[in-house]
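Comments concern the structure below.
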Amino acid sequence: MARRYFCTRLSSEMIRISHLTGTLVLSVFTAVLGFFQYGYSLGVINAPQKVIEAHYGRVLGIVSPDRYATNASGEDGTFLQAGTEGTLPPLTDISEDLATSPHILTMYWSLSVSVFAIGGMVSSFTVGWIGDRLGRVKAMLVVNVLSIAGNLLMGLAKFGPSHILIISGRAVTGLYCGLSSGLVPMYVSEVSPTALRGALGTLHQLAIVTGILFSQVLGLDFLLGNDEMWPLLLGLSGVAALLQFFLLLLCPESPRYLYIKLGKVEEAKKNLKRLRGNCDPMKEIEEMEKEKQEAASEKKVSIKQLFTSSKYRQAVIVALMVQISQQFSGINAIFYYSTNIFERAGVEQPVYATIGVGVVNTVFTVISVLLVEKAGRRSLFLAGLMGMLVSAVAMTVGLVLLSQFAWMSYVSMVAIFLFVIFFEVGPGPIPWFIVAELFSQGPRPAAIAVAGFCNWACNFIVGMCFQYIADLCGPYVFVIFAGLLLVFFLFAYFKVPETKGKSFEEIAAAFRRKKLSAKAMTELQDLRRSEEA
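In terms of my numbering, the sequence shown has 519 at position 519, counting the first letter as 1, and numbering is strictly consecutive.
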């Protein structure tokens, strides 16, 4: 029995490996470089914050408050300016600068961080159109121009008004990432064989966290995170864009796009043979034909219909709430501002602690791939939210009591690591799984566009507002996220269905049962009130 099981497993693994051709590996690797750039752009702005803020201060003619504190020898009381070493300006000038400069620098810095998400919001609605109009590969080629242009603007920031160039560069890069975050999974899922679709489809999340980790390591002050090299650090993902651009010229167009959208049967067969090697393409061609007929029989649903039809209302609410919970959980506050948070926690080398977060993030992304396929989506989502809630409370306790107990810095640091781990277990990957699983072929493109816009919009709000909220609330800032996480947990517990292994009809039936149950409960309450009256 054991021998038969082993032989069966070995046979299935051999079939999976046989589908893994050089052209397929090249195509998937090239595509997920787009998500590597997305991750790099998320993390790169974190480590050089103080260096860039100081540069903003020089360009804008204002001075960061840190520069009033010490002179070149580290003694307090000396205000440093180029060419005036050891000279103290009038007290009134210092008071005026101190009153205005922090707010101006905070505004420009917050905008530099969050404008990336505005680009993503704007472009997220055009993914389907550009992917269908140009094809998957040509679309990725064209949008790479945005990435190269955005990175050039940031790389040349020292040669002009740096705050304008960085904000513009981040906005253009955001446009690229908004498009890429839709085009890449679309292409990867379409070129992957069924046996490998799940495994290859999760590589985009791994590419994101790898990009974040790269940006954190390169952001060390002795590498690129210093006053001389920070423009190169910000613009370096342009190298990945150039690499992707030239590699895309070698990648075949999606056979599914060619067959279903364009009706080019022979070209689809030719590309299938390139991707699968010596395998017979006819089985997949038959699957494509069936998919084409199903798509033709189901009308495409517009965004307006998605919100006005009661048929989709419950699913839309769930799809939006899981996206909101992913972003408002506080995870982007960790990614964008972790170095600053570690400083407040009293960590001596906050940049290295931030890199540690990146390593943990990468490791648990790999682990989550295995967990998602074995456990239910809903249970992992709930476990992740509850773990993040406890971690946020622990982080707050550590930050509040740090002045009384020095060892509380370790509590805060462990809490941050656990916060990231629980995010990758549930709220990180699962929202995208659930949105795809909640909707059938007709409403799915509109639902994914709306969910993507919602995700980017929440990303922008967190990036823009967190620094202000952190300055206002001090060590209590994560109490806000803890409260939100509790709301998200309760919503998920009562409203989010389990979608693993269920058809769209079964999921729709689950929503209908909940709707009828809520309606019956309301009618019962009305009846009781009328009897009491």
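No residue lacks a Cβ here, since even glycine has one placed at the ideal position from N, Cα and C.
#1: For the region 468-483 against the region 122-130, are there 3 or more C-beta pairs whose distance is under 8 Å?
#2: Please classify Trp129 as buried or exposed, where buried requires at least 16 neighbouring CB atoms within 10 angstroms.
#3: For Lys304, report the span of its alpha helix (DSSP H) as first-last.
#4: Unbroken alpha helix (DSSP H) runs of length 4 or more, entirely within the region 195-224: which are they?
#5: Taking 7 Å as the cut-off, does the CB of Gln467 come closer than this to any heavy atom belonging to the ligand GDP?
#6: What residues in its chain sit with their C-beta under 6 Å from that of Gly150, if we drop five residues either side in the sequence?
#7: Taking the alpha helix (DSSP H) that Phe481 belongs to, which residues open and close that run?
#8: Please report how far the alpha carbon of Phe29 lies from the alpha carbon of Leu203, in whole angstroms.
#9: Can you say whether Thr308 is buried or exposed, counting buried as having 16 or more other CB atoms within 10 angstroms of its CB?
#10: Taking 8 Å as the cut-off, decide whether the C-beta atoms of Pro427 and Leu399 are in contact.
#11: Have a look at Ser114 and Glu286 and give me their C-alpha separation to the nearest angstrom.
#12: Please report how far the alpha carbon of Asp280 lies from the alpha carbon of Pro255, in whole angstroms.
#13: Runs of 4 residues minimum, wholly inside the region 333-419: which ones carry the alpha helix (DSSP H) assignment?
#14: For the alpha helix (DSSP H) holding Tyr257, just list the boundary residues, first then last.
#15: State the Cα-Cα distance for the pair Asp227 and Pro497, rounded to the nearest angstrom.
#16: Does Tyr493 pass the burial test, meaning 16 or more other C-beta atoms within 10 Å, or should it be called exposed?
#17: Which of the three DSSP states is assigned to Leu165 in this structure?
#18: Using the C-alpha atoms, what's the distance from Met288 back to Val196?
#19: Going by the CB atoms, is the gap between Ala241 and Phe35 shorter than 8 Å?
#20: Where does Pro161 land, buried or exposed, given buried means 16+ other C-beta within 10 angstroms?
#21: Measure the C-alpha to C-alpha separation of Arg378 and Met321 and round it to an integer number of angstroms.
#22: Report yes if the CB atom of Asn332 is closer than 8 Å to the CB atom of Asn459, and no otherwise.
#23: Ile164: buried (16+ other C-beta within 10 angstroms of its C-beta) or exposed?
#24: Tell me whether the beta-carbon of Phe364 lies closer than 8 Å to the beta-carbon of Val414.
#25: Just tell me which of Phe245, Gly219 and Pro431 has its CA closest to the CA of Pro350.
#26: When DSSP labels each residue in this structure, what does Cys251 get in the three-state scheme?
#27: In the DSSP assignment, the alpha helix (DSSP H) including Cys473 goes from what residue to what residue?
#28: Look up Ala47 in the DSSP assignment and say whether it is helix, strand or coil.
#29: Looking at the unbroken alpha helix (DSSP H) that takes in Ile62, where does it start and where does it end?
#30: Could you please give the first and the last residue of the uninterrupted alpha helix (DSSP H) stretch that includes Ser192?
#31: Between the alpha carbons of Leu134 and Lys292, how many angstroms are there, rounded?
#32: Output yes or no for whether 8 Å exceeds the beta carbon distance between Gln244 and Asn361.
By the coordinates alone:
#1: no
#2: exposed
#3: Ile303 to Thr308
#4: 197-201 and 203-218
#5: No copy of the ligand GDP occurs in the structure displayed, which carries no ligand at all.
#6: Gly169, Val172 and Thr173
#7: Val477 to Lys495
#8: 9 Å
#9: exposed
#10: no
#11: 46 Å
#12: 14 Å
#13: 350-374 and 377-400
#14: Per DSSP, Tyr257 belongs to no alpha helix (DSSP H) and is neither H nor E.
#15: 50 Å
#16: exposed
#17: helix
#18: The sequence as given places Leu at residue 196; Val does not occur at that position. Roughly 17 Å separates the two Cα atoms.
#19: no
#20: exposed
#21: 13 Å
#22: yes
#23: exposed
#24: no
#25: Gly219
#26: coil
#27: Arg444 to Cys473
#28: coil
#29: Segment: none, Ile62 is in no alpha helix (DSSP H) and carries neither H nor E.
#30: Careful: Ser192 lies outside any alpha helix (DSSP H) and carries neither H nor E.
#31: 19 Å
#32: no
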